[in-house]
Amino acid sequence: MSTASDDFEFSDKTIGALQIDTLFSAFLFGVVTLQLVKYYQNFKEDKLYLKILASAIWVLELAHTFCIAAEVYKATITNYGKPENLFPFKFIGASTATGGALTFVAHTFFSFRVWRLLPRRWNMIGAVCLIVATIRFVASVILAVKAIEAKIVQEYRSQWGWLIMTVLVVGAMIDIAIAGSMLHWLHRQREKVFKRTVDLIDRIVQYTVCTALLPSVTAIIMVIAFNADTGAMIWLAIYASLAKFYSNSILASLNSRKTLRSTFSQPPSSLEPSSGVSRATPRGQMVIAVEMNSVAQDGAELPGDTSGT
């Protein structure tokens with residue numbers, strides 16, 4: 001027979017975790033909404049497929065947030081005082097599916113950027129990341145279906161914990177591969193261009209690091225939580241919010257083009273190369289300058305350009 005303290009600890013690690021996750025998810029959804037409004041205000045002339053992408057992200061985010069809120073409502077209102085009726089978590093399973101779709105869209109978006117931007121041979125990193133991301137998405141769908149079917153979370157965890165860990169680790173590896181390849185290429189170009197273009201590259205590097213860091217760190221934190229306490233649902237609450245970092249990274253990448261344009265359009269402060277490398281050929285400088293100009297001004301050539309990863 002369970003005691004009052006046992007029930008409190010159970011609620012603290014299940015309902016409490018979901019409640020905090022709902023508040024945090026609502027906050028991130030608000031950020032996504034603001035990003036979408038900013039995008040439509042600043043980029044009215046963007047290609048249609050970019051506008052559809054931005055809108056689709058918001059719709060998926062709305063469904064994702066609804067599923068999380070519905071699960072908390074069921075736990076705190078519908079089944080108030082009935083912890084035995086908390087399971088199964090069907091809405092959380094549905095949020096896993098929408099979250100997997102959002103993550104796949106983000107990985108596709110940035111993988112395609114790597115494919116378009118990096119030179120031949122190196123751009124295969126983007127193709128490999130896209131293939132791996134597709135496999136990861138299939139695994140996420142499987143996890144979503146099994147989560148809806150599972151009677152209790154502990155059963156779901158014991159049977160599919162290995163796949164959950166694989167999805168998280170693979171997702172973090174994709175983020176690192178995309179960000180790492182972009183940073184390596186940008187660092188190499190930094191030594192061949194003029195001061196004004198260096199400022200643009202430095203700004204791109206900042207966006208790349210920031211947008212890739214949050215999803216990777218969140219995935220690592222979830223892996224730790226998943227293994228630290230087998231009876232808690234803190235890991236599930238973190239997983240439910242993971243996709244929102246990817247959504248924000250895409251919209252932030254699209255919106256950052258305005259800042260990059262202003263950086264590139266500033267009058268050049270120096271006509272000398274940015275570093276001690278003065279043997280770069282005029283053709284090489286011209287090609288890099290054209291690439292950076294495309295990054296800052298054209299949202300169609302590279303989806304979202306190279307403003308972040």
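Following full-length UniProt numbering, the numbering of the sequence shown begins with 1 at its first residue and continues without gaps.
Note that CB positions come from ideal geometry on N, CA and C, so glycine has one too.
{"Check": "Buried or exposed (CB count within 10 angstroms, at least 16 for buried), Ser247", "Outcome": "buried"}
{"Check": "Through-space distance from Lys51 to Met222, alpha-carbon basis", "Outcome": "32 Å"}
{"Check": "Delimiting residues of the alpha helix (DSSP H) encompassing Ser25", "Outcome": "Ile15 to Asn42"}
{"Check": "Between the CA atoms of Ala133 and Val105 - distance to the nearest angstrom", "Outcome": "9 Å"}
{"Check": "Alpha helix (DSSP H) runs contained entirely in the stretch 115-152, provided each spans 4 or more residues", "Outcome": "124-149"}
{"Check": "Whole-angstrom distance between Ala147 and Glu155, CA atom to CA atom", "Outcome": "10 Å"}
{"Check": "Same chain only: Cβ atoms within 7 Å of Trp160, ignoring 5 sequence neighbours per side", "Outcome": "Leu143 and Lys146"}
{"Check": "Residue from Gly16, Phe24, Tyr40 and Thr22 with nearest C-alpha to Ser256", "Outcome": "Tyr40"}
{"Check": "Exposure of Pro119, with buried meaning 16 or more beta-carbon neighbours within 10 Å", "Outcome": "exposed"}
{"Check": "DSSP three-state assignment for Gln285, whether helix, strand or coil", "Outcome": "Only weak support is given to the placement of Gln285: the predicted model assigns it a pLDDT of 42, under 50, and the question is left unresolved by the model."}
{"Check": "Residue nearest to Val153 in terms of C-alpha spacing, selected from Phe66, Phe24 and Trp235", "Outcome": "Trp235"}
{"Check": "Beta-carbon spacing of Gly30, Ala243 below 8 Å", "Outcome": "no"}
{"Check": "Within 8 Å, strictly: CB atoms of Glu71 and Ile57", "Outcome": "no"}
{"Check": "Check whether Ser25 and Ser181 have beta carbons under 8 Å apart", "Outcome": "no"}
{"Check": "Under 8 Å between C-beta atoms of Ala101 and Ile15", "Outcome": "no"}
{"Check": "Between the CA atoms of Leu168 and Ala228 - distance to the nearest angstrom", "Outcome": "16 Å"}
{"Check": "Euclidean distance between Cα positions of Asn123 and Thr108", "Outcome": "14 Å"}
{"Check": "Extent of the continuous alpha helix (DSSP H) to which Asn79 belongs", "Outcome": "Unbroken run through Asn79: none, as it is neither H nor E."}
{"Check": "Proximity below 8 Å, CB of Leu117 to CB of Trp185", "Outcome": "yes"}
{"Check": "Residues near Phe137 in its chain [Cβ-Cβ closer than 6 Å; skip 5 each side]", "Outcome": "Gly100 and Phe104"}
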